[in-house]
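A.B. asks: In this text, residue positions in the sequence shown follow the numbering used here: the first is 94, and each later residue adds one.
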Amino acid sequence: MNYKNPDEHGYYGEFGGAFIPEMLYPNVEELQKNYLEIIESEDFQNEYQDLLKNYVGRATPLYFAKNLSNKYNTQIYLKREDLNHTGAHKINNALGQVLLAKRLGKTRIIAETGAGQHGVATATACALLGLECIVYMGEIDIQRQAPNVARMKMLGAEVIPATSGSKTLKDAVNEALRDWINNSVTTHYVIGSVVGPHPFPDLVARFQSIISKEIKEQLKEKIGRENPDYVIACVGGGSNAAGTFYHFVDEKEVKIIAAEAGGHGVDSGKSAATTFLGTLGVLHGSKSLVMQTADGQVIEPHSISAGLDYPGIGPFHANLFQEKRAEFFSINDDEALKCAFELTKLEGIIPALESSHALAVLDKKKFNEEDIVVICLSGRGDKDMETYLKNL
């Protein structure tokens, strides 16, 4: 099975597709028809790769975490996406999509953000490339991610609060989709994760696949082989995970592990562990696993990390789960916090709360001494300092 690429209708197995209001068809169809031709063109790739190298600072290091490895008695490598310009993996996709939007003749960019990292990355790309930028963000996330809100405003973006529902990521997506319907001719919607109608899950996964491409090259250089035994990443919608898994999903010997946000616990009513709690449904334009009531009302998710606080999962990941190609763990808030403090004390690296969920798999699964375990450190913890200070 090809896990990497969707079929021509945008399906990964039974998940995906494009379930959109009629008014969005022209936009989505324009993207579907043009995205591959544009992003695979030599001209696009030259500009994009140059920016990744000289602006973003890629390749990011693959760091052998000696102290962490000693503690867990295995060989742990951290893919340091936290060292990218703007502090997370999100810039890989934001830059790619804003470049694509320019080639499609768009002058205005909208985005949604939870943790704020995608908002900052999109605002950064718009500042660099000279496009207007509007970012939708849940009112609650605006409060808990204040440093990122300040950065977006400084970069020239307008930050609009989403005040409905749980006032978090899903509500920001709803507001952004409404905006796109009303401004379809001038505007491109930079979706930040592998969610939304086709071709967004594929588009975002392709831009993030640089992560696993580099892991292969760096492992080859360090240990003489391209494939690790395990790759681990946190999953909300799942863009850093899609990028981390991309070049390994069709390599049978590589075991894939995804860490979801368990919140207060899977059975607590305050969780975001979609593969444990979700059923087949449509959310934000694609068919996937969704946390919902029996009559299809979305259940409000909860996570201590704003970036994983989402009631669904990208179709790429839903298919990996259904086909048992990836193993999914639910990581509770307190487990993620513990691992954030542990990494900080052991390695001198303060991770984002999202990434701490991936680190927490080390407490849940036993690895052998000789196993090569690669964990994606998707972002840095500056944005989460307030939460960390409360829990010191």
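Don't be surprised by glycine CBs; every beta carbon is placed ideally from N, CA and C. None of the values given here were measured: they were computed from a predicted structure.
#1: Can you have a look at E138 and say buried or exposed, based on whether 16 or more other CB atoms are within 10 angstroms of its CB?
#2: So L373 is in the beta strand (DSSP E); what residue range does that whole segment cover?
#3: Going by alpha carbons, who is nearest to W273 out of M94, L482, H377, K457?
#4: Could you give the distance in angstroms between the alpha-carbon of G106 and the alpha-carbon of S381?
#5: In three-state terms, what does DSSP make of H291?
#6: What residue range does the alpha helix (DSSP H) around G336 cover?
#7: Is it buried or exposed, I316, if we count other Cβ atoms within 10 angstroms and call 16 or more buried?
#8: Could you tell me the alpha carbon to alpha carbon distance between N185 and K363, rounded to whole angstroms?
#9: Just grab the DSSP bridge partners of L155 for me.
#10: Can you name the start and end residues of the alpha helix (DSSP H) that V242 belongs to?
#11: Can you tell me which of G209, C226, R244 puts its alpha carbon nearest to the alpha carbon of E232?
#12: Unbroken alpha helix (DSSP H) runs of length 4 or more, entirely within the segment 363-426: which are they?
#13: What residue from G258, T261, S257, T217 has the CA that sits closest to L248's CA?
#14: Measure how close the beta-carbons of E205 and L262 come, nearest whole angstrom, since I'm counting them as under 8 Å.
#15: In this structure, how does DSSP classify K457 when only helix, strand and coil are distinguished?
#16: Tell me the DSSP secondary structure of K164 in three-state form.
#17: Look up E232 in the DSSP assignment and say whether it is helix, strand or coil.
C.D. replies: The short version:
#1: Position 45 of the sequence shown, counted from the first residue, corresponds to residue 138. Here residue 138 is Gln; the residue named in the question, Glu, does not match the sequence. Per the 10 Å Cβ criterion, exposed.
#2: Taking the first residue of the sequence shown as 1, we reach residue 373 at position 280. Taken as a continuous stretch (DSSP letters only), the beta strand (DSSP E) holding L373 covers 372-376.
#3: On the sequence shown, position 180 is the one that residue 273 refers to. W273 has its Cα closest to that of H377, out of M94, L482, H377, K457.
#4: Here the question's residue 106 lines up with position 13 in the sequence shown. Here the question's residue 381 lines up with position 288 in the sequence shown. Spanning the two alpha carbons is a distance of roughly 10 Å.
#5: Locating residue 291 in the sequence shown gives position 198, where the first residue counts as 1. In the structure shown, H291 sits in coil (DSSP, three-state: anything other than H, G, I, E or B).
#6: Here the question's residue 336 lines up with position 243 in the sequence shown. 332-338 is the span of the alpha helix (DSSP H), which, as asked, contains G336.
#7: Numbered from 1 along the sequence shown, position 223 holds the residue referred to as residue 316. It is exposed - the Cβ of I316 has fewer than 16 other Cβ atoms within 10 Å.
#8: The residue given as residue 185 occupies position 92 in the sequence shown. The residue given as residue 363 occupies position 270 in the sequence shown. Distance between the alpha carbons of N185 and K363: 31 Å.
#9: In the sequence shown, counting from the first residue as 1, residue 155 sits at position 62. In the DSSP output, where bridge partners are listed per residue, L155 has K172.
#10: If you number the sequence shown from 1, residue 242 lands on position 149. Per DSSP, V242 belongs to the alpha helix (DSSP H) from 239-247.
#11: Translated into positions along the sequence shown, residue 232 becomes position 139. E232 has its Cα closest to that of G209, out of G209, C226, R244.
#12: 367-370, 408-415
#13: Residue 248 sits at position 155 when you count from the first residue of the sequence shown. Residue T217 is the option with its Cα nearest to L248.
#14: Counting from one through the sequence shown, the residue named residue 205 turns up at place 112. Counting from one through the sequence shown, the residue named residue 262 turns up at place 169. With a Cβ gap of about 7 Å, E205 and L262 count as contacting.
#15: Here residue 457 refers to the residue found at position 364 of the sequence shown. Three-state result, K457: helix.
#16: Within the sequence shown, numbered from 1, the residue matching residue 164 stands at position 71. Residue state, collapsed to three classes: helix.
#17: The sequence position of residue 232 within the sequence shown is 139, counting from 1. The answer is helix: DSSP assigns E232 an H, G or I state.
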